[in-house]
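Since the structure comes first, as structure tokens, the remarks are kept for the end.
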Amino acid sequence: MRRWGIRKKVLVVTLVPTLLTTLMLGMFFTYSWVTNIENLLKDRGESLSRQLSAGSEYGLFTANRSLLSSLSNALLEEQDVRSITFFDSEGERLLHTGPGGSDDIREQAMSSQSPIQIPRPDSTVFVTPVHLQDLMIEGLLDPESRQAVGRGNQPIGWAMVEMSHVRTEKETYKALLISMLLVLAGVLLSLAIAMRLSRAFTGPIFELNEAVAKLKEGKLDTRVYTEAGPEFEQLESGLNAMASELSKAQAEMQQNIDQATEDLRETLETIEIQNIELDFARKEALEASRIKSEFLANMSHEIRTPLNGIIGFTDLLLKSPLPRQQRDHLSTIRKSSEILLTIINDILDFSKIEAGKLILDRIPFQLRDIVEEVMVMLAPAAHSKNLDLVPLVYNDVPDNMMGDPLRVKQVITNLVNNAIKFTQTGEVVLRASLEEEDKEANRITLRLSITDSGVGLSRAQQQSLFNAFSQADASTARQYGGTGLGLAISKRLVEEMGGSIGLESELGKGSTFWFTLTSELSSSGDPVSPRDALRGEKVIYLDHQTTTGLSVEHTLREWGMTVDRVSSPGALQEQIEEAQREQSGYALAIIGITRHLLNSSQYCNLVRTLELERDCRTLLLTPTLETHDTPLSGLASGHMTKPVCRDSLYNELLLLIHGISQNEPVLPDYRPEPTQPSAPSRAPRILAVDDNDANLKLVMTLLNDCRVEAEGASSGFEALSKARQRPFDLVFMDLQMPGMDGVETTERLREVDGKHHRTPVIALTAHALADEQERLTRQGFDGYLPKPISNRQLEQTIQEYTGYIAQPEPPGRQSLAPEFGDTRRPVRPSNRKKQKDCVSVSESVQLAAGKADLAEELFSMLIEQLHTDTRRVEALWSANQLSELLECVHKLHGATRYCGVPELRAAANQFETALKQEAPDREYQKDQLVAAMERLLIWSEQTDWQPLFRQQSQNAVTD
């Protein structure tokens, strides 16, 4: 109704009440009229029925049809009477007068003892019982009738009067018609009045609207006079006054417009001049940005070029045997170079982000591999501060993901490195958990958090922490270094990958940096082989670092192993002894050592006891330090550094428990893998081109280590000269060279190539711009290798473009320090049962008639004999010379009878018996004998046993 006009509202207000009132009155009067007509018909029917009942009493009693007929004919003359019927006391019809019949209502009428009404579609039937009155009984002559009357008030018959509805219906229609006419007349009258009122209201309003429309069109001389009453007169005067004021205002505004137009014309001329100046400034800014990009590229090349030589030759020197002091100096040089390289990378990344040239890759990668790489890389810095560095990746986190692994690794590295930097004691824990999973879209959202127990941050520091060049400690005396770009770059990278980053911290109580990573799951990754070879194995674990112990235990239980945790070395040794007595010993004992326990005599004795006396293999988990020259290193069967990598741990457990040796897995390369050609039968010829003597020497050294035929060139002209003399299988080309740069040299090399030979050319440059690789591809290069160059990158590039698998000198085992390599004896599984002692000095003295010096001499002779017998037993068994083997074992068995070596004596006895009886378990007995011999040799090498015999001699003298 809000949108209705005044006319419509007036009509509604006028017509609706009138119409409703008229309708209600018409309905009321019509209903009353029709009801009165029906009641009148009912009253007349009942009255005529009673009269007929009283008048027909004698006729029914005497069954006088003539009398009844005369009554019927007289009553039919009444208005609305249609028919009359009489029934006797038995319900039989005596007389019917009028149209229609009455047989259909006989039963219904006879069943009632009182007057009833029976409605029909076009009539109403009134049935009244006829009773015999007492005054009439005295005049009756029939004695039987008198007796019947005395029996009760049973009716002697029934009188029925049928009243027609024809006249009643006519009266009803007449009442309805009159009511409708009255209602219609009322509505028409109301409509006329409403129309008249609406015109009186709307006429002046329309005139006012017309005047307003003219004013709107700009006709300010318009005036309005409606003469419709005092209210409209006020509105007219106000509208006319407004028109007058608008006319005056228009004149003033026109003057102002003219003045403003003139001012605007002058302003536009000034703006046009400023636009020209801004255009010149924009061109200058673009030129400055281009110069800055070129400057960054050139600075990157100029700084990375000497860094390439510094880091490369430092790595080469660290691989050579050096005194410890020189090795420390070289390590310091390498760390300083890596810090400088990190600062350069941060500045270049920030420049790329600000320029909008950062392009993210979208390739499959494995999250757990990235986490382990970061942890292994940053472990030395954490362990040098005696921090516990722990990765916790929960089981429900998928491994195969799509995204940019290098950028994910960069973010994790920045956050973990910051946590280590600002933490003095305690731990740094990385947790990766599944936050949201959309199975239909095949997308997941991960939450990675890095928690430390460091200094914490105040609220003011937290607000500006993610800003560029901002640090928590920005004073000149600050103790924490850095450019202040790490968190800013991490924030931008996370946002570019569709995630968010934040922190939760309290001053003095540590910090938790977190970020979310939304990614699709990759279905193209290599299927992960099931790690079920260790399922059901039982190990015992001792570690004082709670979080590291939780991580390792979580991993072992995931592989189906049973892990028993102990809290002290004594509990560890006691539980292993008890398990062996119950014939259910442990397959392995894992011992986690902190930095201050590396030289602990308690742990040395513990490992020696487990390895030699209990024949239980031990695996040491130690911090990553620059040296592993500790007493524990040569005692344990296995040695790994914290944090433990899953693949390395699984392979080490396979070796220690089952004796299965697997190659250490190669960390995945995140570049797309091209189709590799078949491996050539000869080493490829490779040309290295670089104008910097140090870089050229480094590349040549790395190529020589890969055992390929390498030549060097210090300029583009020299490279072309050598390429014309003989073809090369691969060329490493520096970009920036005097005279002829790398791009021009590559173009000339393409001219030298024949139709059937194309020399792959790999660009060596330190440029780090986003479009560098694409531009180099357009310029004819086949690949891109950034400086500084690592040995692994070089090997992969050679294999990718030539098919040749480089075979450098094999390094030591990754689980041991590079200085030592893998010098361990072949590992045999742990003994699960309680066994005889390896050596009993008291028994040796007893067998030598109580002479300790003789016992010592006999034991020394046995040890010397074992060195020869161990090799001889293996050789004779391999040559299947069983008779000579039996003679050798018999001789060894005889020697053990005079020495306190219970285990070796029992093993020799059982193997000799097996050889004589040709038992089917001869090979098993042979292995047990060799194991006992090896354990005795190890015991003799790691134990100062001569004082033990002399002590027995002194005890005997004292006794």
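Residue numbers (UniProt numbering): 1 to 959. Heads up, the beta-carbon is just placed ideally off N, CA and C, and yes, glycines get one too. Since this is a predicted model, take the numbers as computed values, not measurements.
Of the listed residues the options, nearest to residue i (C-alpha basis)
{"i": "Q118", "options": "E718, V161, D80, T21", "result": "One detail in the question is off: residue 118 reads as Ile in this sequence, not Gln. The shortest Cα separation from I118 among E718, V161, D80, T21 belongs to V161."}
{"i": "L621", "options": "P727, V429, Q925, H383", "result": "H383"}
{"i": "T124", "options": "T226, K42, K216", "result": "K42"}
{"i": "L866", "options": "T896, Y784, A848", "result": "T896"}
{"i": "L493", "options": "E436, F422, Q366, L360", "result": "L360"}
{"i": "V416", "options": "L434, D258, M377", "result": "M377"}
{"i": "D690", "options": "R707, V731, L653", "result": "V731"}
{"i": "L904", "options": "K926, I363, M299, Q602", "result": "K926"}
{"i": "K219", "options": "Q250, V183, E233, F232", "result": "Q250"}
{"i": "L550", "options": "T451, A419, V390", "result": "V390"}
{"i": "I591", "options": "G585, E582, L612, S637", "result": "S637"}
{"i": "L95", "options": "S69, Q113, D279", "result": "S69"}
{"i": "A241", "options": "P230, R223, F232", "result": "R223"}
{"i": "P121", "options": "S114, P129, H165, Q725", "result": "H165"}
{"i": "A723", "options": "G739, L687, E709", "result": "L687"}
{"i": "Q946", "options": "L749, S47, V839", "result": "V839"}
{"i": "W4", "options": "T202, G712, P99, L189", "result": "T202"}
{"i": "Q580", "options": "K538, H544, R595", "result": "K538"}
{"i": "S331", "options": "L48, F728, F365, A381", "result": "A381"}
Per-residue burial, residue i [other beta carbons within 10 Å of its own, 16 or more giving buried]
{"i": "R787", "result": "Arg is not the amino acid found at residue 787; the sequence shown has Lys there. It is buried - the Cβ of K787 has at least 16 other Cβ atoms within 10 Å."}
{"i": "W158", "result": "buried"}
{"i": "S179", "result": "buried"}
{"i": "I660", "result": "exposed"}
{"i": "L20", "result": "exposed"}
{"i": "V607", "result": "buried"}
{"i": "M640", "result": "buried"}
{"i": "G742", "result": "buried"}
{"i": "R82", "result": "buried"}
{"i": "P323", "result": "exposed"}
{"i": "A288", "result": "exposed"}
{"i": "P811", "result": "Any answer about P811 is weak, because its pLDDT of 41 lies below 50 and its placement is not dependable; what the coordinates show is given next. Label assigned to P811: exposed."}
{"i": "E795", "result": "buried"}
{"i": "F911", "result": "buried"}
{"i": "Q951", "result": "exposed"}
{"i": "F728", "result": "buried"}
Proximity test, Cβ basis, 8 Å: residue i and chain E
{"i": "T172", "result": "The structure shown has no chain E; it contains just one protein chain."}
Contact set for residue i: own chain, Cβ-Cβ below 6 Å, skip 5 residues either direction
{"i": "G152", "result": "Legend: pLDDT at G152 = 49, less than 50; position of this residue unreliable, value from coordinates given subsequently. Excluding positions up to five away in sequence, the list is empty."}
{"i": "A589", "result": "I540, L610, C616, T618"}
{"i": "S337", "result": "L307, I310, I311"}
{"i": "T413", "result": "V374"}
{"i": "L517", "result": "L446, G499"}
{"i": "L67", "result": "G59"}
Inter-residue CB distance, residue i and residue j (contact presumed, cutoff 8 Å)
{"i": "D564", "j": "Q573", "result": "Their Cβ separation, rounded to whole angstroms, is 13 Å, which puts D564 and Q573 out of contact at 8 Å."}
{"i": "G502", "j": "G456", "result": "Their Cβ separation, rounded to whole angstroms, is 15 Å, which puts G502 and G456 out of contact at 8 Å."}
{"i": "D362", "j": "G403", "result": "In the sequence under discussion, the amino acid at residue 362 is Arg, which differs from the Asp named in the question. Correct: roughly 6 Å between the Cβ atoms."}
{"i": "L387", "j": "V428", "result": "6 Å"}
{"i": "G712", "j": "G739", "result": "About 17 Å; that fails the 8 Å criterion."}
{"i": "Q602", "j": "P569", "result": "6 Å"}
{"i": "L487", "j": "R431", "result": "Going by Cβ atoms, the distance from L487 to R431 rounds to 19 Å, so no, they are not a contact pair."}
{"i": "E577", "j": "R614", "result": "7 Å"}
Contacts around residue i, its chain only, beta-carbon distance under 7 Å, and the 5 residues preceding and following it disregarded
{"i": "L176", "result": "T30"}
{"i": "N395", "result": "E558"}
{"i": "L776", "result": "A763, Y784"}
{"i": "S940", "result": "I863"}
{"i": "W877", "result": "L885, K926"}
Neighbourhood of residue i by C-beta, 8 Å cutoff - its chain only, sequence neighbours within 5 removed
{"i": "D693", "result": "S714"}
{"i": "A848", "result": "L854, A855, L858, Y898"}
{"i": "A477", "result": "Because the pLDDT of A477 is 35, which lies under 50, any placement of that residue in the model is unreliable, and the number read from its coordinates should be weighed accordingly. Excluding positions up to five away in sequence, the list is empty."}
{"i": "T97", "result": "S69, S72, N73, L76, S83, I84, T85"}
*Is the stretch 396-414 touching the stretch 549-564 in the sense that three or more CB pairs, one from each, lie closer than 8 Å?*
no
*Touch check for the stretch 9-25 and the stretch 192-208: three-plus C-beta pairs under 8 Å?*
yes
*Below 8 Å, can you find three or more Cβ-Cβ pairs linking the stretch 787-796 to the stretch 749-761?*
no
*Is the stretch 52-59 close to the stretch 209-218, with three or more CB pairs under 8 Å?*
no
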